[in-house]
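Chains as they are written, first to last, in the working numbering: chain L, 172 to 339; chain V, -9 to 424.
For glycine and all other residues, C-beta sits at the position ideal for the given N, C-alpha and C.
Computed from a predicted structure; not experimentally measured.
Following: one structure in structure tokens, then a few remarks.
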């Protein structure tokens, strides 16, 4: 029961945050489409492309991906092989989920840590993009943020697996 | 331990994690990280997992993925699927099995503006299934033809499977798309022939639909302008070399968006839903891509891909025998695994081998797409069948699986034809503008 409570509390703020981030991702996606279309139309019809369109699309793609990762996990969008575990009882499945989701959470934590280190290095080196001279390091922090929230979403899954173990 | 042994252990560990329902992308990243740490050392492995997500996330070439998915999403809401069905229905609906044939035709038409088989099956399921029920079609045929026809979504361009294949193997996406056009039309024809012969030998399976006058038939053609213009703009633009894949994808998504507005189907819900769905699918695909890349670094330092391709050439087997075994292995694997997962797991190992044996990489991409199509409708895990089962709630899943069996044969015939006449896939790309 205690773990059910923990999972509820954590879920209560991890999922709303990830939902908000995914809304941001939707907006960025729409803007990315408009940006590329105006770049194409400008170049083909008026031989005038949008300055920095390529690198802006790259940064937008990055935001789109890493702002959607955790919400994807909340909605169970990430592909798994269900076939084998489908042969086992709910209790076995809960135990296995507990282990795999905890390992996944640790892995995402590791990726978050490593990208934080990488962002620090980029900041110190003062790397900027080619055309618009935007600093690159904030976008590495976006990676860290996305993976960090994904790690928390996996922690929610871990607690809910423990809760399922108690129920069955 | 030598690198090959560690590599084999790593692959086995990955299969264990996947069988235990770990997210595929996370499983690949984890084993890739561990293996790289063992074979190289911990520090570079740590740096690798920090840099790879950023590098993949800011790769301009990969923006095609969300943009083509978005195009398909808008297309699903635009009513274009219903309209193309209406048109084909008027032309061939009165033949024996005509409604099922029309379903296949409409699936092919929808596939020309959408890169997803699931979307094609879901859209056509909602449109065509009630019609076939009304005319007392056999449940197995009605559901089976939608599940099978839906698979055309990834063979007829645009195609998400071909995009991922192109990215993983560094083959040009435009060429792959163009190579899919003729095989797609061929498979569509084979499906229709299959239905025709079934309905001829057992007329009770698919009674003829209503007849329409030639005037009504010609009049119905006007509904297809949107699909034709969007397909010509996007795939034609790629064929002539006028657009890069990213440009074609953005123009396609925007075109589908405008068409949805013109057809007065764009509501706030449809818009936010299309964007949210696309974002979610994008996250799913990229988690797998990131995992696949990290895993790929590990696989490279194990030398397994090199050793396997040497082995395959030195074994002295006829290359078509090896190829046949590969296809068989894919079909079996496809019974249990989702297509995308199967592809990212196997391509790093299989692709170098196939190329080493002298097969064409574009042609192999088309073959692999066909095998992926089969995996969508083979039990026990057939995603398209699950989709149809969600729509046709009164039809048992078993009946749907029974209904798709006749459609495996045209798929096999299509693979064999492609082996005997590789030009079916390679002729059109050879005429492309640069």
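Listed in chain order, which residues of the stretch 218 to 238 of chain L have Cβ atoms closer than 9 angstroms to some Cβ of chain V? Per Cβ criterion, the list reads 225, 226, 228, 229, 230, 231, 232, 233, 234, 235, 236, 237 and 238.
Neighbour-count burial assignment, residue 209 of chain V, 16 or more Cβ in a 10 Å radius: As a first step, residue 209 of chain V is located in the second chain; it is residue number 219 there, counting from the start. Exposed, since its Cβ has fewer than 16 Cβ neighbours within 10 Å.
Do residue 193 of chain L and residue 330 of chain L have their C-beta atoms within less than 8 angstroms of each other? Taking the first residue of the first chain as 1, we reach residue 193 of chain L at position 22. Taking the first residue of the first chain as 1, we reach residue 330 of chain L at position 159. No Cβ-Cβ contact shorter than 8 angstroms links residue 193 of chain L with residue 330 of chain L.
Could you tell me how far apart the beta carbons of residue 156 of chain V and residue 166 of chain V are, in whole angstroms, since I believe they sit closer than 8 angstroms? Stepping through the second chain from its first residue, residue 156 of chain V is reached at position 166. Stepping through the second chain from its first residue, residue 166 of chain V is reached at position 176. In this structure, residue 156 of chain V and residue 166 of chain V form a Cβ contact; the two beta carbons are roughly 5 angstroms apart against a cut-off of 8 angstroms.
Local Cβ density within 10 Å of residue 172 of chain L, reported as buried at 16 or more and exposed below that: In the first chain, counting from the first residue as 1, residue 172 of chain L sits at position 1. The predicted model places residue 172 of chain L with a pLDDT of 48, which falls under 50 and marks its position as unreliable; any figure quoted below should be read in that light. By the 10 Å Cβ count, residue 172 of chain L comes out exposed.
With a threshold of 8 angstroms, are at least 3 pairs of Cβ atoms found where one atom belongs to the stretch 332 to 351 of chain V and the other to the stretch 295 to 315 of chain V? With a cut-off of 8 angstroms on Cβ pairs, the stretch 332 to 351 of chain V is in contact with the stretch 295 to 315 of chain V, counting three or more such pairs.
Flag residue 317 of chain V as yes if its beta-carbon sits less than 8 angstroms from any beta-carbon of chain L, otherwise no. Taking the first residue of the second chain as position 1, residue 317 of chain V is located at position 327. The Cβ of residue 317 of chain V sits no closer than 8 angstroms to any Cβ of chain L.
Going by Cα to Cα distance, which pick from L:227, L:218, L:188 and L:313 is closest to residue 206 of chain L? Counting from one through the first chain, the residue named residue 206 of chain L turns up at place 35. Taking only the C-alpha atoms, the option nearest residue 206 of chain L is L:227.
So that I know if they touch, is there some Cβ in chain L lying closer than 8 angstroms to that of residue 287 of chain V? Numbered from 1 along the second chain, position 297 holds the residue referred to as residue 287 of chain V. Output row for residue 287 of chain V: interface = no.
Would you tell me roughly how many angstroms separate the C-alpha atoms of residue 336 of chain L and residue 272 of chain L, rounded to the nearest one? Start at 1 with the first residue of the first chain, and residue 336 of chain L comes out as number 165. Start at 1 with the first residue of the first chain, and residue 272 of chain L comes out as number 101. Answer to the nearest angstrom: the Cα atoms are 14 angstroms apart.
From what residue to what residue does the alpha helix (DSSP H) around residue 209 of chain V run? On the second chain, position 219 is the one that residue 209 of chain V refers to. Segment 204 to 210, the alpha helix (DSSP H) holding residue 209 of chain V.
Have a look at V:52, V:20 and V:290 and flag the residue whose alpha-carbon is nearest the alpha-carbon of residue -6 of chain V. By 1-based counting over the second chain, the position of residue -6 of chain V is 4. Checked all of V:52, V:20 and V:290; the closest Cα to residue -6 of chain V is V:290.
Work out the CA separation of residue 226 of chain V and residue 215 of chain V for me, nearest whole Å. Sequence index remark: in the second chain, residue 215 of chain V carries index 225 (1-based). Sequence index remark: in the second chain, residue 226 of chain V carries index 236 (1-based). Whole-angstrom Cα-Cα distance: 15 angstroms.
What are the boundary residues of the alpha helix (DSSP H) that includes residue 285 of chain L? By one-based count along the first chain, residue 285 of chain L stands at place 114. It spans 261 to 296 - the alpha helix (DSSP H) in which residue 285 of chain L sits, taken as one unbroken run.
Output needed for residue 74 of chain V: all residues of its chain with C-beta closer than 7 angstroms, excluding positions within five of it in sequence on either side, in chain order. As a working mapping, residue 74 of chain V is identified with position 84 in the second chain. In its chain, beyond the 5 residues on either side, 96, 99, 100, 214 and 217 have a beta carbon closer than 7 angstroms to the beta carbon of residue 74 of chain V.
Measuring CB to CB, does residue 53 of chain V end up less than 8 angstroms from residue 400 of chain V? For the purposes of this step, residue 53 of chain V is taken as the residue at position 63 of the second chain. For the purposes of this step, residue 400 of chain V is taken as the residue at position 410 of the second chain. No. Outside cutoff.
Under 8 angstroms between C-beta atoms of residue 107 of chain V and residue 366 of chain V: The sequence position of residue 107 of chain V within the second chain is 117, counting from 1. The sequence position of residue 366 of chain V within the second chain is 376, counting from 1. Yes; because the gap between Cβ atoms is below 8 angstroms, this pair is in contact.
Beta-carbon proximity check, residue 242 of chain L vs residue 189 of chain L, cutoff 8 angstroms: Against the first chain, residue 242 of chain L aligns to sequence position 71. Against the first chain, residue 189 of chain L aligns to sequence position 18. Contact: yes.
What would DSSP say about residue 252 of chain L, mapped onto helix, strand or coil? Within the first chain, the letter at position 81 stands for residue 252 of chain L. Residue state, collapsed to three classes: coil.
Determine which residues share a DSSP beta bridge with residue 306 of chain L and list them. On the first chain, position 135 is the one that residue 306 of chain L refers to. According to DSSP, residue 306 of chain L bridges with L:299.
Are the beta-carbon atoms belonging to residue 239 of chain L and residue 273 of chain V less than 8 angstroms from one another? In the first chain, counting from the first residue as 1, residue 239 of chain L sits at position 68. In the second chain, counting from the first residue as 1, residue 273 of chain V sits at position 283. Contact flag set, yes.
Express the C-alpha separation of residue 251 of chain L and residue 383 of chain V in angstroms, rounding to a whole number. Here residue 383 of chain V refers to the residue found at position 393 when the second chain is read from its first residue. Here residue 251 of chain L refers to the residue found at position 80 when the first chain is read from its first residue. Their backbone Cα atoms lie some 25 angstroms apart in a straight line.
Helix, strand or coil: how does DSSP classify residue 348 of chain V here? One-based indexing of the second chain puts residue 348 of chain V at position 358. If DSSP states are grouped into helix, strand and coil, residue 348 of chain V belongs with coil.
Range covered by the alpha helix (DSSP H) that runs through residue 213 of chain V: Within the second chain, residue 213 of chain V is the residue found at index 223, counting from 1. Per DSSP, residue 213 of chain V belongs to no alpha helix (DSSP H) and is neither H nor E.
Could you give the C-beta distance for residue 314 of chain L and residue 43 of chain V, rounded to a whole number, given that I count them as a contact under 8 angstroms? Taking the first chain and counting its residues from 1, the one referred to as residue 314 of chain L is at position 143. Taking the second chain and counting its residues from 1, the one referred to as residue 43 of chain V is at position 53. Their Cβ separation, rounded to whole angstroms, is 5 angstroms, which keeps residue 314 of chain L and residue 43 of chain V in contact under 8 angstroms.
Could you list the residues in the stretch 287 to 302 of chain L with a C-beta less than 7 angstroms from some C-beta on chain V, going in chain order? Going along the stretch 287 to 302 of chain L in chain order, one finds 288 and 289 with a Cβ nearer than 7 angstroms to chain V.
Smallest Cα separation from residue 87 of chain V: which of V:353, V:125, V:36 and V:336? Counted from its first residue, the second chain places residue 87 of chain V at position 97. Among V:353, V:125, V:36 and V:336, the Cα nearest to that of residue 87 of chain V is on V:125.
Report yes if the C-beta distance between residue 148 of chain V and residue 61 of chain V is below 8 angstroms; otherwise report no. The residue labelled residue 148 of chain V in the question sits at position 158 within the second chain. The residue labelled residue 61 of chain V in the question sits at position 71 within the second chain. For residue 148 of chain V and residue 61 of chain V, yes; Cβs fall inside 8 angstroms.
Environment of residue 141 of chain V [buried if 16+ CB atoms lie within 10 Å]: Here residue 141 of chain V is taken as the residue at index 151 of the second chain, counted from 1. Buried, because 16 or more other Cβ atoms sit within 10 Å of the Cβ of residue 141 of chain V.
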